[in-house]
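Notes follow once the structure below has been shown.
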Amino acid sequence: MNSRLLPLTALLTLALPACSAPSTPQTDAFMRGVDVSEARDAERSGVQFRDLDGQVKPALQIIRDHRYDWVRVRLMIDPDGRYGLTQDLPYVKAMMLDAQKHNLKVLLDLHYSHWWADPGGQWLPERWKGQDTATLSASVYDYTRGVMNELKAQGTPPDMVQVGNEINGGMLWEPGRIRNDDMTTFASLANAGTRAVHDAQPGTPVMIHIAKIGDADDTASWYRAFAKAGGQFDTIGLSYYPMWHGTFEDLGDSIRKLKTAFGKPVIVAETALYWDTNEKGYDNVPYPQTRQGQLDYLRALTPVVRQAGGSGLFYWGAFWSQSSRWLKADWTDDDASRRSLFDDDARATPAIDGLN
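So for the sequence shown, numbering that gives the first Met the number 0 puts the first residue at 0; every next one is plus one.
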């Protein structure tokens with residue numbers, strides 16, 4: 000635990016800033032990050048993001064001005080542009096250059112899919128269908144190595160790489176699905192990506208990321224089983240959304256158990272909460288669905304992660320604002336916009352300072 004941490008009650012009563020926070024960098028190694036995957040798409044569709052004081056600024060400038068030091072960017076394989084999925088390699092290369100311009104480190108999130116990869120679906124890219132395990136492993140390696148080489152060639156290698164996104168049930172289904180607790184094939188596919196990252200850029204840490212927190216023993220058991228199957232990882236990534244993943248106590252217990260079992264950095268790679276009433280009808284949201292409630296959630300969450308030994312936090316979907324301009328969805332539910340860090344006018348909510 001960092002001795003400089005304020006008590007939780009003090010953090011919750013800090014006054015809100017009247018305008019933009021200073022861009023002075025943080026003075027410790029705790030990672031404060033924002034997933035900015037939608038930002039470029041929104042801006043090129045005409046969204047003008049505004050800081051707390053109403054001033055229009057480039058999206059990543061706002062992030063830097065509020066003292067964040069990391070951003071997270073997802074990369075898809077042959078995305079079709081629907082539901083916010085435009086993040087092909089040219090898109091990500093442009094985002095990497097923008098991050099470099101603003102002196103931000105990057106966690107590259109490799110989905111290995113054309114569609115959202117999460118516990119409910121790990122969709123095999125069309126280009127890899129029909130391949131046996133050995134061929135698919137080679138495809139994962141070659142693709143990952145190629146991505147790393149292209150990013151290095153433009154002078155923007157990522158600072159950390161996720162091999163897969165929320166891979167509770169494996170990746171690249173069906174071949175890489177975990178069945179009857181057998182992780183052998185899944186681990187070999189994940190390791191192909193990890194080897195490619197390490198071969199292309201030695202020393203770049205690889206994160207293995209799941210969304211499985213409610214039971215700390217179960218969470219630790221997942222990583223033990225992955226390691227037993229030969230799975231390699233440098234960093235542990237967790238998703239934590241309180242309406243799905245239990246209490247702060249559950250999260251703290253999971254982080255402590257993982258730190259004890261593996262001695263590796265544990266990072267909350269995704270979190271978010273509502274600034275306005277959710278569209279899903281969730282009734283177990285633990286904080287008021289208001290701007291103040293969103294801020295209070297992050298102010299309370301940060302010391303929970305730090306005191307449990309966690310190494311950082313990333314906010315998901317921060318720029319999911321005015322999505323009618325860029326979403327191209329087949330349905331009208333836009334629940335993610337209710338937990339953005341920008342309101343319907345694309346103006347920052349007070350929670351933009353919630354991790355600081």
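Glycine included, every Cβ here is placed at the ideal spot set by N, Cα and C.
Pick out whichever of the options has its Cα sitting closest to the Cα of residue i.
i           : options               : result
residue 30  : 127, 245, 101 and 69  : 69
residue 126 : 146, 77 and 192       : 77
residue 292 : 350, 259 and 277      : 350
residue 172 : 229, 188, 333 and 153 : 188
residue 119 : 103, 160, 158 and 164 : 164
residue 197 : 216, 156 and 180      : 156
residue 153 : 100, 344 and 137      : 100
residue 347 : 56, 160 and 283       : 56
residue 52  : 345, 329 and 246      : 345
residue 404 : 278, 117, 287 and 294 : Residue 404 cannot be examined here, being either before or after the span of the chain that is shown, 0 to 355.
residue 183 : 142, 227 and 201      : 227
Residues in the same chain with beta-carbon distance under 6 Å from residue i, minus the five sequence neighbours each way, listed in chain order, please.
i           : result
residue 319 : 37, 335, 336 and 339
residue 169 : 175, 176, 177 and 185
residue 264 : 234 and 310
residue 231 : 190 and 193
residue 122 : 112 and 114
residue 268 : 208, 236 and 313
residue 27  : none
Residue i and residue j: beta carbons closer than 8 Å?
i           : j           : result
residue 33  : residue 222 : no
residue 321 : residue 93  : no
residue 210 : residue 167 : yes
residue 98  : residue 91  : no
residue 308 : residue 249 : no
residue 205 : residue 139 : no
residue 301 : residue 253 : no
residue 203 : residue 242 : no
residue 274 : residue 342 : yes
Does the CB of residue i have a neighbour CB from chain B at under 8 Å?
i           : result
residue 215 : In the structure shown, chain B does not exist; there is a single protein chain.
Quick check on residue i: buried or exposed, where buried means 16 or more other Cβ atoms within 10 Å of its Cβ?
i           : result
residue 285 : exposed
residue 251 : buried
residue 96  : exposed
residue 72  : buried
residue 199 : buried
residue 256 : buried
residue 83  : buried
residue 323 : exposed
residue 59  : buried
Among residues of its own chain, excluding the 5 on either side of residue i, which ones have a beta-carbon nearer than 8 Å to its beta-carbon?
i           : result
residue 74  : 86, 87, 88, 91, 107, 108, 109, 110 and 146
residue 260 : 219, 222 and 223
Ordered along the chain, which non-local residues of its own chain (more than five positions away) have a Cβ less than 7 Å from that of residue i?
i           : result
residue 271 : 240, 314, 315, 316 and 338
**Secondary structure, alpha helix (DSSP H): runs of 4+ residues fully inside the segment 213-279** = Scanning the segment 213-279 for uninterrupted alpha helix (DSSP H) segments of 4 residues or longer gives 215-227 and 247-261, listed from N- to C-terminal end.
**Message:** I'd like the ranges of any beta strand (DSSP E) spanning at least 3 consecutive residues and lying wholly in the segment 133-211.
**Reply:** Within the segment 133-211, the runs of beta strand (DSSP E) that reach at least 3 residues and sit entirely inside it are, in chain order, 159-162 and 205-209.
**Request:** Tell me the start and end of each unbroken beta strand (DSSP E) in the segment 68-139 that is at least 3 residues and wholly inside, in chain order.
**Result:** You should have 69-74 and 104-109.
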